[in-house]
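Protein chains in written order, with this note's numbering: chain A, 23 to 346; chain W, 23 to 346. Let me begin by presenting the structure, written as structure tokens, before commenting on it.
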């Protein structure tokens, strides 16, 4: 059973040394929420770090705020290991040793998956909350810590990235109410944060996006659009695969496209597939056929075959799914 | 002096026949605000229409809601002619005859310009409000009309387009507070509206965008990026110029780009120039040198010369401005 925000806040008040674990393949919500909580706990005089084992993506670097560490022995004693925007050992892959150091273990998350997996001392998961940043905001208020500009920036980044700039269906009244309060923080400027997150793409990434968009394929009378990022394309443009964020949204912006599919060639035998749908198509069901998963409208899978084989396997399934 | 929202609402209650005028080259705020007010006034039993003389852009077609007309004689008697998101005769170009039919004239706007020009019976301009949709929302509440789903959709569209999805600096606490309330309306779903506005680009427009992005030019060590849409490019892709919305934002998303400039070749002797800046550069001052204008960070001008000549004139000015 979910613990209350009150009981979690009370517990946090009694802890002096805390390691915070955002999920692997961190996003704005994982990193923003983790750092916001870390900053708040530090203001209370606690020893706290955000434990990482991967580099922070360039567009989220401003969410570091001196909080993160790669050193699993940074604290002599760890009273609490706390997962943020994450619930389950598979989500903190590679950081198990540091995790086990915490005498108490808990998680605060808004994902629906992983709940059955929980053997922690406490947890809070709110699948109807748009971003973990919203939960963290409430906890910081309960802790009695003033929202500083850095904390406000982290919370805004967490919420705006996970809601697709307040456009996704997960956005609620509460989402906007919390963000409204951030505007009371001296110096807060949404544009500054937004430009840091979205307006630092490399010229090379823009060229790559241009190449992908110029070579889309369409199926089912345009209801399905597919794009491909091959190793050759990355090499030609001098890009890495993690610079492909955002391309799938561009594909989804096309009129009449219900399903978007982006093939990412990790190597000649491994194809990562991102799936999106606009309205009715259950992309998670298609991804599940190939060992993947996700949400109804956003999912993915990894296929151990070459690009041509992957396309031949998945496109017919998408055609069936989109016509349902 | 600005009239109060209370006095404007009281006046609206006494009017039975009202023509509403959104500004020319309508955007989401002009059309969303106009239709929202029209729907509210109709709920009060009034004869009201949104007076247009241009087609509604495809991505805003859902904001029509049976409210608009092109017939300047649609009402036998016009008690009030009301500009929305607009203040000044130049903003309702081509609809002067219909405008003059109103025995009382007023405007409700959030633009700073045009205020000196006002000779109307009443006006309300709020330059610090992000969208006219916010002002209209407050007026509808004062009128005592319940916010229907259609009205909520119009208000959301008005606000989300004028704030760049709540990312622009013009966004305030009040913006989010109003949108929070829209979530109380039965059936309201931000994603539906957002998909209608942003996710109906033609395949051809995506190809054109791809071509523009593949051929950007950079100046001042990458601080300036320029793109071009020629008639030849439009022809090649089967696009019209008004499908180029959004390309300038893609240019601005590039790391290190402080100034973005998009040249649109209307014909061989007329080049429309859109200018944007990220931080400090005063693009309005550059546009003003060529008879244009706008805001600090977003402006434009029209140059009566060919593309090459326009580039040779404006790029050196941008280089000076960006280095300031």
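We put the CB at the ideal spot given by N, CA and C, even for glycine.
Against chain A, which members of the region 140-152 of chain W pass a CB distance test of less than 8 Å? none
For residue 249 of chain A, I'd like the list of residues in its chain whose CB is within less than 6 Å of its CB, leaving aside the five on either flank, ordered along the chain. Mapped onto the first chain, residue 249 of chain A falls at position 227. Closer than 6 Å at Cβ, skipping near neighbours: 234, 238, 273, 284.
Could you pull the start and end residues of the beta strand (DSSP E) that residue 66 of chain W belongs to? Residue numbering aside, residue 66 of chain W sits at position 44 when the second chain is read from its first letter. Counting along the chain, residue 66 of chain W falls outside any beta strand (DSSP E), and DSSP gives it neither H nor E.
Using 8 Å as the threshold, is the region 189-200 of chain A in touch with the region 147-165 of chain A, meaning 3 or more CB pairs across them? yes
Are residue 236 of chain W and residue 229 of chain A touching if we call contact CB-CB under 8 Å? What you label residue 236 of chain W is simply residue 214 of the second chain in a count that begins at 1. What you label residue 229 of chain A is simply residue 207 of the first chain in a count that begins at 1. Yes, these two residues count as a Cβ contact at 8 Å.
Pick out the complete alpha helix (DSSP H) segments inside the region 252-296 of chain A, 4 residues or longer, and give them in chain order. 253-259, 269-274
Enumerate, from N- to C-terminal direction, the unbroken beta strand (DSSP E) stretches of 3 or more residues contained entirely within the region 49-122 of chain A. 69-73, 102-106
Chain W contact for residue 330 of chain A (CB, 8 Å cutoff): As a working note, residue 330 of chain A is residue 308 in the first chain. Taking Cβ atoms only, chain W never reaches closer than 8 Å to residue 330 of chain A, which makes this a no.
Which of helix, strand or coil DSSP assigns to residue 44 of chain A: By one-based count along the first chain, residue 44 of chain A stands at place 22. If DSSP states are grouped into helix, strand and coil, residue 44 of chain A belongs with the strands.
If you follow the alpha helix (DSSP H) that residue 212 of chain A is in, where does it begin and where does it stop? Taking the first chain and counting its residues from 1, the one referred to as residue 212 of chain A is at position 190. Looking at the DSSP string, the run of the alpha helix (DSSP H) that includes residue 212 of chain A is 212-220.
Residue 295 of chain A and residue 263 of chain A: beta carbons closer than 8 Å? Translated into the one-based positions of the first chain, residue 295 of chain A becomes position 273. Translated into the one-based positions of the first chain, residue 263 of chain A becomes position 241. Taking 8 Å as the Cβ cut-off, residue 295 of chain A and residue 263 of chain A do not qualify as a contacting pair.
Since I believe residue 44 of chain A is in contact with residue 107 of chain A (beta carbons under 8 Å), could you give me their beta-carbon distance rounded to a whole number of angstroms? Taking the first chain and counting its residues from 1, the one referred to as residue 107 of chain A is at position 85. Taking the first chain and counting its residues from 1, the one referred to as residue 44 of chain A is at position 22. 6 Å between Cβ atoms; contact.
With 8 Å set as the bound, which would you pick, yes or no: does the beta-carbon of residue 198 of chain A sit closer than that to a beta-carbon of chain W? Against the first chain, residue 198 of chain A aligns to sequence position 176. Yes, residue 198 of chain A lies at the interface with chain W (some Cβ there is under 8 Å from its Cβ).
Under three-state DSSP, which class holds residue 247 of chain W? Residue numbering aside, residue 247 of chain W sits at position 225 when the second chain is read from its first letter. Reduced to three states, the DSSP call for residue 247 of chain W is strand.
Tell me whether the beta-carbon of residue 146 of chain W lies closer than 8 Å to the beta-carbon of residue 158 of chain W. For this step, residue 146 of chain W is matched to residue 124 along the second chain. For this step, residue 158 of chain W is matched to residue 136 along the second chain. Cβ distance not < 8 Å, so residue 146 of chain W and residue 158 of chain W don't count as in contact.
Which of the three DSSP states is assigned to residue 168 of chain W in this structure? Taking the first residue of the second chain as 1, we reach residue 168 of chain W at position 146. Residue 168 of chain W: coil per DSSP, three-state reduction.
Among W:320, W:160, W:122, nearest to residue 301 of chain W - alpha-carbon criterion: To locate residue 301 of chain W, count along the second chain from 1; it is residue 279. The residue with the shortest Cα to Cα distance from residue 301 of chain W is W:320.
First and last residue of the uninterrupted beta strand (DSSP E) at residue 324 of chain W: Counting from 1 along the second chain, the entry for residue 324 of chain W is found at position 302. Where residue 324 of chain W is concerned, the enclosing beta strand (DSSP E) stretches over 320-325.
Using DSSP's beta-bridge definition, name the partner residues of residue 142 of chain A. By one-based count along the first chain, residue 142 of chain A stands at place 120. Beta-bridge pairing links residue 142 of chain A to no other residue.
Inspect the beta-carbon positions of residue 66 of chain A and residue 165 of chain A and report whether they are closer than 8 Å. Walking along the first chain from the start, residue 66 of chain A turns up at place 44. Walking along the first chain from the start, residue 165 of chain A turns up at place 143. Cβ atoms of residue 66 of chain A and residue 165 of chain A: closer than 8 Å.
What does residue 276 of chain A touch in chain W if you count any residue whose Cβ is under 9 Å from its own? Along the first chain, one-based indexing puts residue 276 of chain A at 254. Neighbours of residue 276 of chain A on chain W, chain order: 221, 222, 223, 224, 225, 227, 228.
Chain A within 8 Å of residue 190 of chain W, Cβ atoms only: Along the second chain, one-based indexing puts residue 190 of chain W at 168. Closer than 8 Å to some Cβ of chain A, the Cβ of residue 190 of chain W qualifies, so yes.
With residue 303 of chain A and residue 334 of chain A assumed to form a contact (beta carbons below 8 Å), what rounded beta-carbon distance in angstroms separates them? For the purposes of this step, residue 303 of chain A is identified with residue 281 of the first chain, where counting begins at 1. For the purposes of this step, residue 334 of chain A is identified with residue 312 of the first chain, where counting begins at 1. Incorrect: roughly 20 Å between the Cβ atoms, too far for contact.
Would residue 241 of chain W pass as an interface residue toward chain A - the criterion being a Cβ-Cβ separation below 8 Å? Counting from 1 along the second chain, the entry for residue 241 of chain W is found at position 219. Closer than 8 Å: no.
Option nearest residue 297 of chain A by Cα separation, candidates A:268, A:160, A:52, A:143: The sequence position of residue 297 of chain A within the first chain is 275, counting from 1. Answer by Cα proximity: A:268.
DSSP-derived helix/strand/coil call for residue 160 of chain W: Within the second chain, the letter at position 138 stands for residue 160 of chain W. Residue state, collapsed to three classes: helix.
Count the other CB atoms, across all protein chains shown, that sit within 10 Å of the CB of residue 342 of chain A; report buried if there are 16 or more and exposed otherwise. Taking the first chain and counting its residues from 1, the one referred to as residue 342 of chain A is at position 320. So residue 342 of chain A counts as exposed.
Beta-carbon gap between residue 309 of chain A and residue 177 of chain A smaller than 8 Å: One-based indexing of the first chain puts residue 309 of chain A at position 287. One-based indexing of the first chain puts residue 177 of chain A at position 155. The answer is no: Cβ separation not under 8 Å.
Answer with buried or exposed for residue 265 of chain W, where buried requires no fewer than 16 other C-beta atoms within 10 angstroms of its C-beta. Taking the first residue of the second chain as 1, we reach residue 265 of chain W at position 243. By the neighbour-count rule (16 or more Cβ atoms within 10 Å), residue 265 of chain W is buried.
Distance, Cα to Cα, residue 332 of chain W vs residue 254 of chain W? The residue you call residue 332 of chain W lines up with position 310 of the second chain. The residue you call residue 254 of chain W lines up with position 232 of the second chain. Going by the C-alpha atoms only, they are around 17 Å apart.
Nearest residue (CA-CA) to residue 162 of chain A, options A:293, A:218, A:227, A:55: By one-based count along the first chain, residue 162 of chain A stands at place 140. Nearest option by C-alpha distance: A:55.
Contact criterion: CB-CB distance below 8 Å. Does residue 298 of chain A meet it with respect to chain W? Start at 1 with the first residue of the first chain, and residue 298 of chain A comes out as number 276. False, the Cβ-Cβ gap to chain W never drops below 8 Å.
DSSP three-state call for residue 298 of chain A: helix, strand or coil? Start at 1 with the first residue of the first chain, and residue 298 of chain A comes out as number 276. Here residue 298 of chain A sits in strand by DSSP.
Between which two residues does the alpha helix (DSSP H) containing residue 148 of chain W stretch? Your numbering for residue 148 of chain W matches position 126 in the second chain. Premise fails: residue 148 of chain W is in no alpha helix (DSSP H) and is neither H nor E.
Tell me the rounded alpha-carbon separation between residue 276 of chain W and residue 221 of chain A. Taking the first residue of the second chain as position 1, residue 276 of chain W is located at position 254. Taking the first residue of the first chain as position 1, residue 221 of chain A is located at position 199. The alpha-carbon atoms of residue 276 of chain W and residue 221 of chain A are separated by roughly 6 Å.
Using a threshold of 7 Å, is the CB atom of residue 262 of chain W nearer than that to any non-hydrogen atom of the ligand HEM? With respect to the ligand HEM, the structure shown offers nothing to examine, as it has no ligands at all.
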